[in-house]
Each structure stands twice: as C-alpha cells, then as structure tokens.
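Student: Sharing a structure, written as structure tokens. Questions coming.
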Amino acid sequence: MNIHHPLDAASYYFKDTLVSYLDRRCHRENIIIHVETREDSGLHIGNLTTFVAAFALAAVLKQRFGRNVRVRFVYTPASGDECTIGGVRYQRHALPNGVHEVNPSPFMRVVRRISEFFGIPFDTATQSLWRDNPEFSDVLQAIVAKLKSCSLTSRLVIRAPCPQCGLMDKRGTHSCFDDDGHISFDCPRHGQYAAHLHDPREWHRLNFNAPFRNLLRVILCSRDKNNSWILCAGAHYGGFYQDQLMWRFLDNPDNAPPIFYSPLIVDSSGGRLSESLFRDQDPYDFHFDFGLEYMISVFRFLGRHGGLEALCREVHAWMEEPHRLFRNYSMQYIDTQLRRRGMTALQR
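Counting from 0, one number per residue, gives the positions in the sequence shown under numbering that gives the first Met the number 0.
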C-alpha cells in the first residue's frame, strides 16, 4: 500500500523547519512541554500518541539544540455527574483526587516507560499550578473584563459549586459578573451564592471549562520569566477553536507559547477516538473483528510485546520528517506501522 503525504499549508511551510522554528520561539534556557490530561481520561491510542509526541519533541529539542527540556502533565479533575433541571445543564463538582498518582497503573506506568525510552524527565501537577502563580489574579480579572465586553461568557465559563450540594451550572447560564469582582451563581435547589475574584481563599472553588483553562495557561505561560513553554495537544484543539476562543483575546500574541498539535488517530469513519463514547456506549466493538481492540484499551495495548516502544519509534520518525505531523492517521495505518516497527502478538 502506497502512503501519500501531500504537502499543503503548514506541512508545506514547516516540512523541514518545524523543530528549529519551535527552538527559536523558546527564548529561555529551560523548556517545559505542557500536556493536560483528565483524571478519568481513557488511555486509548489517541491519548497515548499525544503523550509520546510530547516526549519525542522534547528529545529532538535536546538532541539537536542542547535544550534543557522536560514534559509536564497537568491534571484537570474528572467531570462529575450531569443532570438537566429547568432546561439548564448542571454537573456535580468532582474534587481532584490525584487518581493517576493514587492508582499508578496504567497512567504512570505508561508515562514512565515513554520517559525512559526518550531519556526525557517529566513531572506532574494539578490545576493549583496556575492558581498558585503570582500573576493568576491579574490574568483572571483581565480575562473576565474581556468576556464581559464581548458577550462570550457562554463559551469561556467560570463555575463554582453550590456550597451545600455541589451542583454547578455547566455552561454558566445564570452566572453574573459584577464590576467589583463578584461572580454570582444560581443553584436550582439552594438559590444564589457568590465567589470573589480578588479573594485568594476562594480561588480553589473556581472551576473553568476547557477554553477558559486554555486561555488562562497561555497568558500565564507567556509571563513566565524562568521557563519557555510549548503546549502539546491533540489536533482537534486547533483551527477554529483556537482562533475564536484563544488568539482573539490575546493582547500580545507574539509572547504566547507555541502550541504543538499531535496528529489525530481516527477510527474507520474518520472520527477521533472519544473516551466519552467508551463510557456512554460501546461503539468500537467492530474493531475487535480487525484485531484493533488493543488500541482502545491500554491494558490490551500493554499486553502487546513491544507495542509502546514501536509507537515511540513511529512518532519519533514524524519528528524527523515534520510534514508527517500535519495530518490524521487511521487506526489501521497505525496498526500496520506498529507491527513494522516491532510490535508482536500478546505477551505470554
């Protein structure tokens, strides 16, 4: 089977220079490659590819340019149970429990093996990494001021759980922002309650949706005087999402950390793999007929001898030929490549 990588857009302009471009964008001695991961995230082949891509990029920056680089995984809490009351979607606040550290298998087991393969250190953090930043208050208030002026509070959402029952308005439907820094929320069972943006004691109560977290960390990373940052995410977070919910809000986009997008691994319909589908239904049964079940179960994947190392070698090859990073790959293609690179049948 002939595999084609037609050049266009970014794959054309960065086909040879992507890594050197990223190196030039990092002006400080130390580089941190950031990966956000949810505590309940399913470790399917798509997530694993993003993790490997972060380490592979770090390894190339270290080898070619002598950079001091590490990967940092920042946990975001698992989503709580959801319900609809009066036409408004609510979710129950789920406290961060450090599940990846409490239950080190399989997340920490996988990440440690990837780290050892590439010789790149890593560490982990929670969302407190941002709340403890001395710039947090100023950045938070600046974002809120912009949201109020452009009426996008339904897209970039600040939430806080009801102090009595833990419910919070998922989309901020009834949230109100006052000029003095108060945000009022409405619980369908216990009425109104508030949080104050100026009070550090209340910051731990605040919960941000994905676009808000993204904007917050981009600005905070751009103000870091000690480290340069590269944000690593799946390619589905690129394009229109970033254009409308991040870049347009930046006063100094030149200072923003570069965002490195890992190729999507898609199913046979062309859709990205989704852990929410794993929880709600069983949509990938047909992949068992093709021997691809290991791609949607990390336990089965780890049962394939040499599978993780084969994935590391494949993704590292993309870094050597950067035009291969600007496209999606099917599960079937990745399966073929992993077998070519040494993955064998189930371990005995």
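Glycine included, C-beta positions come from ideal geometry on N, C-alpha and C.
Along the chain, which unbroken stretches of the beta strand (DSSP E) at least 3 residues long are found entirely within the stretch 59-93?
Tutor: Complete beta strand (DSSP E) runs here, min 3: 67-75, 81-84, 87-91.
Student: Taking all protein chains shown into account, do 16 or more other C-beta atoms lie within 10 angstroms of the C-beta of His43, making it buried, or fewer, making it exposed?
Tutor: Within the sequence shown, the letter at position 44 stands for residue 43. Label assigned to His43: buried.
Student: Give the straight-line distance between the Cα atoms of Asp15 and Arg299, rounded to the nearest whole angstrom.
Tutor: Taking the sequence shown and counting its residues from 1, one reaches residue 15 at position 16. Taking the sequence shown and counting its residues from 1, one reaches residue 299 at position 300. Taking the straight line from one Cα to the other gives about 36 Å.
Student: If you check the beta carbons only, do Leu351 and Trp129 fall under 8 Å apart?
Tutor: Residue 351 lies beyond the stretch modelled for the chain, which goes from 0 to 347, so this question has no answer here.
Student: Since Ile31 sits in a beta bridge, which residues does DSSP pair it with?
Tutor: On the sequence shown, position 32 is the one that residue 31 refers to. Ile31 pairs with Arg69, Trp228.
Student: Can you tell me where the alpha helix (DSSP H) holding His315 begins and where it ends?
Tutor: Your numbering for residue 315 matches position 316 in the sequence shown. Counting along the chain, the alpha helix (DSSP H) containing His315 begins and ends at 306-319.
Student: Assuming Asp334 contacts Leu272 (C-beta within less than 8 Å), just tell me the rounded distance between them.
Tutor: Working through the sequence shown from its first residue, we reach residue 334 at position 335. Working through the sequence shown from its first residue, we reach residue 272 at position 273. About 13 Å separates the two Cβ atoms, so there is no contact after all.
Student: With a threshold of 8 Å on Cβ separation, who are the neighbours of Val265 within its own chain once the five nearest residues in sequence on each side are excluded?
Tutor: Looking up residue 265 in the sequence shown gives position 266. So the qualifying residues of the chain are Arg271, Leu272, Asn327, Tyr328, Ser329, Met330.
Student: Go to Phe184, then tell me how far its beta strand (DSSP E) extends in each direction, as first and last residue.
Tutor: For the purposes of this step, residue 184 is identified with residue 185 of the sequence shown, where counting begins at 1. First-last of the beta strand (DSSP E) with Phe184: 181-186.
Student: Between which two residues does the alpha helix (DSSP H) holding Leu215 run?
Tutor: In the sequence shown, counting from the first residue as 1, residue 215 sits at position 216. Element bounds for Leu215: 209-221.
Student: Name the residue from Pro256, Phe239, Glu201 whose alpha carbon lies nearest to the alpha carbon of Asn226.
Tutor: Walking along the sequence shown from the start, residue 226 turns up at place 227. The candidate whose alpha carbon is nearest that of Asn226 is Pro256.
Student: Where do the ends of the alpha helix (DSSP H) carrying Ile333 lie?
Tutor: Position 334 of the sequence shown holds residue 333. Ile333 -> alpha helix (DSSP H) spans 330-339.
Student: Rounded to the nearest angstrom, how far is the Cβ of Val51 from that of Ile113, given a contact under 8 Å?
Tutor: Looking up residue 51 in the sequence shown gives position 52. Looking up residue 113 in the sequence shown gives position 114. Contact flag correct, Cβ pair sits at about 6 Å.
Student: For the structure I just gave you, are there three or more beta carbon pairs, one from the stretch 155-173 and one from the stretch 185-201, closer than 8 Å?
Tutor: The stretch 155-173 is in contact with the stretch 185-201.
Student: In terms of DSSP beta bridges, what is Ser261 paired with?
Tutor: Stepping through the sequence shown from its first residue, residue 261 is reached at position 262. Bridge partners of Ser261: Gly233.
Student: At what residue ranges does the stretch 105-191 contain a whole run of the alpha helix (DSSP H), taking only runs of 4 or more?
Tutor: Within the stretch 105-191, the complete alpha helix (DSSP H) runs of at least 4 residues are 106-117, 127-130, 135-149.
Student: Taking a contact to mean a Cβ-Cβ separation below 8 Å, would you say Thr123 touches Phe72 in this structure?
Tutor: Residue mapping note: residue 123 aligns to position 124 of the sequence shown, counting from 1. Residue mapping note: residue 72 aligns to position 73 of the sequence shown, counting from 1. Closer than 8 Å, so yes.
Student: For Tyr293, does the count of other Cβ atoms within 10 angstroms reach 16, so buried, or fall short, so exposed?
Tutor: Sequence index remark: in the sequence shown, residue 293 carries index 294 (1-based). Buried.
Student: Where Glu313 and His181 are concerned, what is the direct C-alpha to C-alpha distance, given to the nearest angstrom?
Tutor: The residue you call residue 313 lines up with position 314 of the sequence shown. The residue you call residue 181 lines up with position 182 of the sequence shown. Computed Cα separation, rounded: 50 Å.
Student: Confirm, please, whether the CB-CB distance from Phe207 to Leu196 is below 8 Å.
Tutor: Residue numbering aside, residue 196 sits at position 197 when the sequence shown is read from its first letter. Residue numbering aside, residue 207 sits at position 208 when the sequence shown is read from its first letter. No, the Cβ-Cβ distance between Leu196 and Phe207 is not below 8 Å.
Student: Any contact between the stretch 248-262 and the stretch 225-240? By contact I mean 3 or more CB pairs, one from each, below 8 Å.
Tutor: Flag = yes, the stretch 248-262 and the stretch 225-240 touch.
Student: Spell out the partners DSSP gives Ala194 in its beta bridges.
Tutor: Within the sequence shown, the letter at position 195 stands for residue 194. Ile182, per the DSSP bridge assignment.
Student: Exposed or buried, what is Gln140 when buried is set at 16 or more other beta-carbons lying within 10 Å of its beta-carbon?
Tutor: Reading the sequence shown from its first residue, position 141 is the one you call residue 140. With fewer than 16 other Cβ atoms within 10 Å, it is exposed.
Student: Which whole-angstrom value is the C-beta distance of Phe325 and Ala9, which I expect to be below 8 Å?
Tutor: Position 326 of the sequence shown, counting from 1, holds the residue named residue 325. Position 10 of the sequence shown, counting from 1, holds the residue named residue 9. Going by Cβ atoms, the distance from Phe325 to Ala9 rounds to 5 Å, so yes, they are a contact pair.
Student: Once you ignore the five residues that flank Glu81 on each side, which residues in its own chain have a CB closer than 6 Å to its CB?
Tutor: Mapped onto the sequence shown, residue 81 falls at position 82. Once the five neighbours on either side are set aside, the close Cβ partners of Glu81 are Gln90.
Student: Rounded to a whole number of angstroms, what is the C-alpha to C-alpha distance between Met167 and Ser127?
Tutor: Indexing the sequence shown from 1 puts residue 167 at position 168. Indexing the sequence shown from 1 puts residue 127 at position 128. Rounded to whole angstroms, Met167 to Ser127 spans 20 Å at the Cα level.
Student: Might you give, ordered along the chain, the residues of its own chain that have their beta carbon closer than 6 Å to the beta carbon of Phe117, omitting 5 neighbours on each side?
Tutor: The sequence position of residue 117 within the sequence shown is 118, counting from 1. So the list reads Phe54, Ala58, once near-sequence residues are dropped.
Student: In whole angstroms, what separates the C-alpha of Phe248 from that of Val138?
Tutor: Stepping through the sequence shown from its first residue, residue 248 is reached at position 249. Stepping through the sequence shown from its first residue, residue 138 is reached at position 139. Distance between the alpha carbons of Phe248 and Val138: 12 Å.
Student: Check whether the Cβ atoms of Leu155 and Pro210 sit closer than 8 Å, and answer yes or no.
Tutor: Here residue 155 refers to the residue found at position 156 when the sequence shown is read from its first residue. Here residue 210 refers to the residue found at position 211 when the sequence shown is read from its first residue. Yes; because the gap between Cβ atoms is below 8 Å, this pair is in contact.
Student: Which whole-angstrom value is the C-beta distance of Val87 and Ile30, which I expect to be below 8 Å?
Tutor: What you label residue 87 is simply residue 88 of the sequence shown in a count that begins at 1. What you label residue 30 is simply residue 31 of the sequence shown in a count that begins at 1. Contact doesn't hold; Cβ gap of about 43 Å is too wide.
Student: Using the C-alpha atoms, what's the distance from Asp177 back to His99?
Tutor: Position 100 of the sequence shown holds residue 99. Position 178 of the sequence shown holds residue 177. Because His99 sits at a pLDDT of 49, beneath the cut-off of 50, its placement in the model cannot be relied upon, and the following sentence gives the value as read from the coordinates. Taking the straight line joining both Cα atoms gives about 38 Å.
Student: Which two residues bound the contiguous alpha helix (DSSP H) that contains Tyr20?
Tutor: Here residue 20 refers to the residue found at position 21 of the sequence shown. 17-24 is the extent of the alpha helix (DSSP H) around Tyr20.
Student: Evaluate Cys175 with the Cβ neighbour count: other Cβ atoms within 10 Å of its Cβ, from every protein chain shown; 16 or more gives buried, anything less gives exposed.
Tutor: One-based indexing of the sequence shown puts residue 175 at position 176. With fewer than 16 other Cβ atoms within 10 Å, it is exposed.
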